[in-house]
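These notes are about the structure you will find just below.
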Amino acid sequence: MLQIKENPTTDILPDIFPWSLEGVVDAKIIDYFQRQEIDENHFLTKPWPEKPLAMGSDNKSRINPAQTLKKINNLETIDEVSQLTDNWDLEGASAFKEKTILNVRNLIQNPSLKYQPDIFPTFRDSLQIEYEKRNGDYLEFEIFENQIMMLKIVNERETKSLILNANKIITTINEFMHES
Amino acid sequence: MNPDFIENEEILYRAIPDNPNFWKPSFNKPTSALFKDKRGVSVDRDGDRKPQEIEIKFELYKPGYGLCYISACKCRELQTYPIPKPLEKNKYHAEIHYSTTKILIPSNVARKMSSLVITVKVPQSYR
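Residue numbers (the numbering used here), protein chains in the order written: chain A, 30 to 209; chain W, -1 to 125.
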């Protein structure tokens, strides 16, 4: 029987979540599964549809609940942005192209992406994903229909480049998040 | 208010949409994506109006939006180009471009702008 907690903190979620749905489960996650027509039995017979995030010292395959929740939030954001129509900003902004949405969705769902970003639309037909640290270091990818622009700021040093390979994004993110 | 030129001491107000989200609650500032606009960054000049009057006007036309501002002087320090763009229904309207010939503000400049703006009101979802 699922127990639904309205405002869970990640430290009380079972660390094998969501394979074990007998523990405390976030209402938002259940809601997402239901809307995606995935029921709890799905996880009794099938593995989580992606490689889980490894965490903890025992090196067992576990997922990070906070990252899972953020991923779900990000997928919801992408869904919402995909439904925006022309003039969504009341000043004539265009709806987003399917390819742009797909590019971002693929990135967010990539099993190698260990750290979920913040996602924002822009007013120039692109979506922006970003990571920001308290020390001011910053990593941003602006994803268009046919190109990806990167801005990286580490120790106040700016690097801008055009990204041609999606794998390069993941590598760059993982490196950035491991830099102190 | 000079209809042809924005003085350095003028304040430029930018609305922050609530849905979709442009606010970063952890950093208490808008994302730089707020300043990436292919039509130029749409702002309102203060035009010697009281801040409360401006806030009320934005709330009327864009309910639930947040509001931030930056001075024209700061815009110019960022090497951007604020220009008057009065509309039939809004004589205070202006835009921030990258230069006299380029509209799009580069990512690094948009990033700096997002850090320099002063927030008057956060979007409704975060109040």
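Just so you know, even glycine gets a beta-carbon here, dropped at the ideal spot from N, CA and C.
- For Pro150 (chain A), the residues of chain W that pass the 7 Å Cβ criterion are Pro18 and Ala31, in the order they occur in the chain.
- Between Ser112 (chain W) and Lys48 (chain W), the gap from beta carbon to beta carbon reaches 7 Å or more.
- Pairing Cys71 (chain W) with Asn17 (chain W) gives a Cβ-Cβ distance that is not under 7 Å.
- The Cβ-Cβ distance between Gly38 (chain W) and His95 (chain W) falls below 7 Å.
- Close to Asp35 (chain W), with beta-carbon spacing below 7 Å, are these residues of chain A in chain order: Phe152 and Arg153.
- Ser40 (chain W) belongs to the set of residues whose beta carbon lies under 7 Å from a beta carbon in chain A.
- Think of a sphere of 8 Å around the beta carbon of Ser105 (chain W): the chain A residues whose beta carbon falls inside it are Glu169, Glu171, Met178, Leu180 and Lys189, in chain order.
- Put simply, of A:Trp117, A:Asn164 and A:Gln145 the residue whose alpha carbon is nearest the alpha carbon of Ile158 (chain A) is A:Gln145.
- DSSP, read as helix, strand or coil, puts Ser24 (chain W) in coil.
- Listed in chain order, the positions of the segment 54 to 65 of chain W with a beta carbon within less than 9 Å of a beta carbon of chain A are Tyr59 and Lys60.
- Less than 7 Å separates the beta-carbon of Ile148 (chain A) from that of Thr106 (chain A).
- Excluding residues up to 5 positions away in sequence, Leu65, Val118 and Lys119 lie with their Cβ nearer than 8 Å to the Cβ of Glu53 (chain W) in the same chain.
- For Arg109 (chain W), the residues of chain A that pass the 8 Å Cβ criterion are Tyr167, Glu169, Leu180 and Ile182, in the order they occur in the chain.
- Excluding five sequence positions before and after Tyr79 (chain W), the CB atoms of its chain that fall closer than 8 Å to its own CB belong to Cys73, Ile94, His95, Tyr96, Ser97 and Thr98, given in chain order.
- Relative to the Cα of Leu156 (chain A), the nearest Cα in the group A:Ile137, A:Val133, A:Ile182 and A:Leu113 belongs to A:Val133.
- The C-beta distance from Leu76 (chain W) to Lys110 (chain W) rounds to 6 Å, short enough to fall under 8 Å.
- Listed along chain A, no residue sits closer than 9 Å to Lys83 (chain W) by beta-carbon distance, the nearest being about 12 Å off.
- Assignment of Phe33 (chain W) by DSSP, reduced to helix, strand and coil, places it in the helix class.
- Each of A:Asp166, A:Leu136 and A:Asp154 was checked against the Cα of Lys126 (chain A), and the nearest Cα belongs to A:Asp154.
- At the C-beta level, Ile9 (chain W) and Tyr67 (chain W) come within 7 Å of one another.
- Residue environment analysis places Ala195 (chain A) among the exposed positions, since fewer than 16 neighbouring C-beta atoms fall within 10 angstroms of its C-beta.
- In the DSSP assignment, Phe149 (chain A) falls within the unbroken beta strand (DSSP E) covering Asp147 to Pro150.
- When the Cα atoms are used, Ile199 (chain A) and Glu57 (chain W) turn out to be separated by approximately 40 Å.
- Excluding the 5 residues flanking it on each side, Val115 (chain W) has same chain C-beta neighbours closer than 6 Å at Cys66 and Ile68, in chain order.
- Along the segment 112 to 130 of chain A, the positions whose C-beta sits under 9 Å from a C-beta of chain W are Leu113, Trp117, Asp118, Leu119, Glu120, Gly121, Ala122 and Ser123, read in chain order.
- Within the segment 36 to 118 of chain W, the complete beta strand (DSSP E) runs of at least 3 residues fall at 39 to 43, 64 to 69, 79 to 82 and 91 to 95.
- With respect to the 7 Å criterion, Met178 (chain A) and Glu171 (chain A) are classified as neighbours on the basis of their beta carbons.
- From the beta-carbon of Val110 (chain A), the residues of chain W found nearer than 9 Å are Pro18.
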